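K.L.:
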Amino acid sequence: MDNPVSEYKKIPYYRPTGKELEIFDKVWQNRLPLLLKGPTGSGKSRFVEHISSIKNIRMITVSCHEETSATDLIGRFIIKGAETVWIDGPLTEAVKTGAILYLDEVAEARPDVIVAIHSLTDHRRQLYIDKLGVTLQAHQDFLLVASFNPGYQRGFKELKPSTRQRFVAISFGYPEPKVEAEILCNETGINIDIAQKLVNIGNKIRNLKELGLTETASTRLLIDAAKLIVSDLPKRLSVRHAVVEPLTDDPDIAQALSDTCDLLI
217 MDNPVSEYKK IPYYRPTGKE LEIFDKVWQN RLPLLLKGPT GSGKSRFVEH ISSIKNIRMI
277 TVSCHEETSA TDLIGRFIIK GAETVWIDGP LTEAVKTGAI LYLDEVAEAR PDVIVAIHSL
337 TDHRRQLYID KLGVTLQAHQ DFLLVASFNP GYQRGFKELK PSTRQRFVAI SFGYPEPKVE
397 AEILCNETGI NIDIAQKLVN IGNKIRNLKE LGLTETASTR LLIDAAKLIV SDLPKRLSVR
457 HAVVEPLTDD PDIAQALSDT CDLLI
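This is the structure we're talking about:
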């Protein structure tokens, strides 16, 4: 049974680009762990926000980084006055109450995080808390969703094949130009002609492999530029500071990108 969550009154906008919503329906039906793969700003987090709202299930997000440990997820003892009190972490809370736990960029976390979630990603759906000596059976509405960026983490931090095989996986990419322009319009109210120009800028930058950018122009950056333009900041200035500057600190590369963008906007 779905849990009523009052804060989800408006469903976050999400434009499907494939069969991902249909796949999720069956993932949810079977309570299977889900792995979202794709580049930064390609809609992974928005997808989870959208599905949690549709299912009226609370979403708990953990933005993983290199210091994120199993203790951060499971919980810890703290000193409160003269007492030692146990505080549940987000994973334990989600398991107990029935929520979608979203581990954003899970490959960034410490290895013990993967160990901690293993028994939740198979038929057992259990969480062992060694500090308490208890094993929790996951609530029927608990769902584990994780994401990572294969392109960024290739050769640095990758999920082991044994871990990947515990998840149903969906790949995300940047949308087709027509769809991406539609997303910009729906998110910001920007004119379709300007939206198409921003999409052209995004695709141009994505194809500039020779610049060696760590990240490329994501849909998220294009949305930010559109918001600035709608707020009456000049178009070229909006693109410079919402798209170009976040991508590089190299002044020569930034100038080259700006010159290219100025011609397209």
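According to the numbering used here, the sequence shown is numbered sequentially starting from 217. Backbone N, C-alpha and C define an ideal beta-carbon position, used for all residues, glycine too. Here the structure is a predicted model, which is why all the values come from computation and not from measurement.
1) Assuming Thr435 contacts Ser258 (C-beta within less than 8 Å), just tell me the rounded distance between them.
2) Kindly confirm or deny that the region 299-317 and the region 271-281 touch, where touching means at least three C-beta pairs closer than 8 Å.
3) If you measure between the beta carbons of Cys280 and Val331, is that distance less than 9 Å?
4) Under the DSSP definition of a beta bridge, which residues are partnered with Phe388?
5) List the whole-angstrom C-beta distance separating Arg380 from Leu250, where the pair is believed to meet the contact cut-off of C-beta under 8 Å.
6) Alpha helix (DSSP H) containing Ala411: first to last residue?
7) How is Glu299 classed by DSSP in three states: helix, strand or coil?
8) Among the candidates Pro391, Thr351, Leu449 and Val311, whose CA atom is the shortest distance from the CA of Asn416?
9) State the DSSP-derived secondary structure class of Thr277, mapped to helix, strand or coil.
10) From Asp266 to Ala298, what does the alpha carbon distance come to, in whole angstroms?
11) Tell me whether the beta-carbon of Thr233 lies closer than 9 Å to the beta-carbon of Gly389.
12) Going by beta carbon distance, what residues of the same chain come within less than 7 Å of Pro462, once the five residues before and after it are set aside?
13) With a threshold of 16 other CB atoms inside 10 Å of the CB of Phe263, please say whether the residue is buried or exposed.
14) Quick one: Cα of Lys394 to Cα of Ile439, how far?
15) Where Lys312 and Leu400 are concerned, what is the direct C-alpha to C-alpha distance, given to the nearest angstrom?
16) Please name the residue in Leu237, Phe358 and Ala411 whose C-alpha comes closest to that of Lys443.
17) Residues bridged to Tyr230 by DSSP?
18) Expressed to the nearest angstrom, what Euclidean distance is found between the alpha-carbon atoms of Lys425 and Arg326?
19) Helix or strand or just coil, what does DSSP make of Ile345?
20) Roughly how many angstroms separate the alpha carbons of Ile469 and Ser454, rounded to a whole number?
21) My guess is that Gln342 and Leu348 are in contact by the Cβ rule of under 8 Å, so how many angstroms apart are they, rounded?
P.N.:
Per the coordinate set shown:
1) That belief holds up - the Cβ atoms of Thr435 and Ser258 are roughly 6 Å apart, short of 8 Å.
2) yes
3) Note that the C-beta distance between Cys280 and Val331 is not below 9 Å.
4) Paired residue(s): none; Phe388 is not in a bridge.
5) Actually they do not touch by this definition, with Cβ atoms about 12 Å apart.
6) Ile408 to Arg422
7) strand
8) Pro391
9) strand
10) What sits at residue 266 in the sequence shown is His, not Asp. Spanning the two alpha carbons is a distance of roughly 44 Å.
11) Taking 9 Å as the Cβ cut-off, Thr233 and Gly389 qualify as a contacting pair.
12) Leu437
13) buried
14) 14 Å
15) 38 Å
16) Ala411
17) Partner(s): none; Tyr230 has no beta bridge.
18) 31 Å
19) strand
20) 17 Å
21) Contact flag wrong, Cβ pair sits at about 14 Å.
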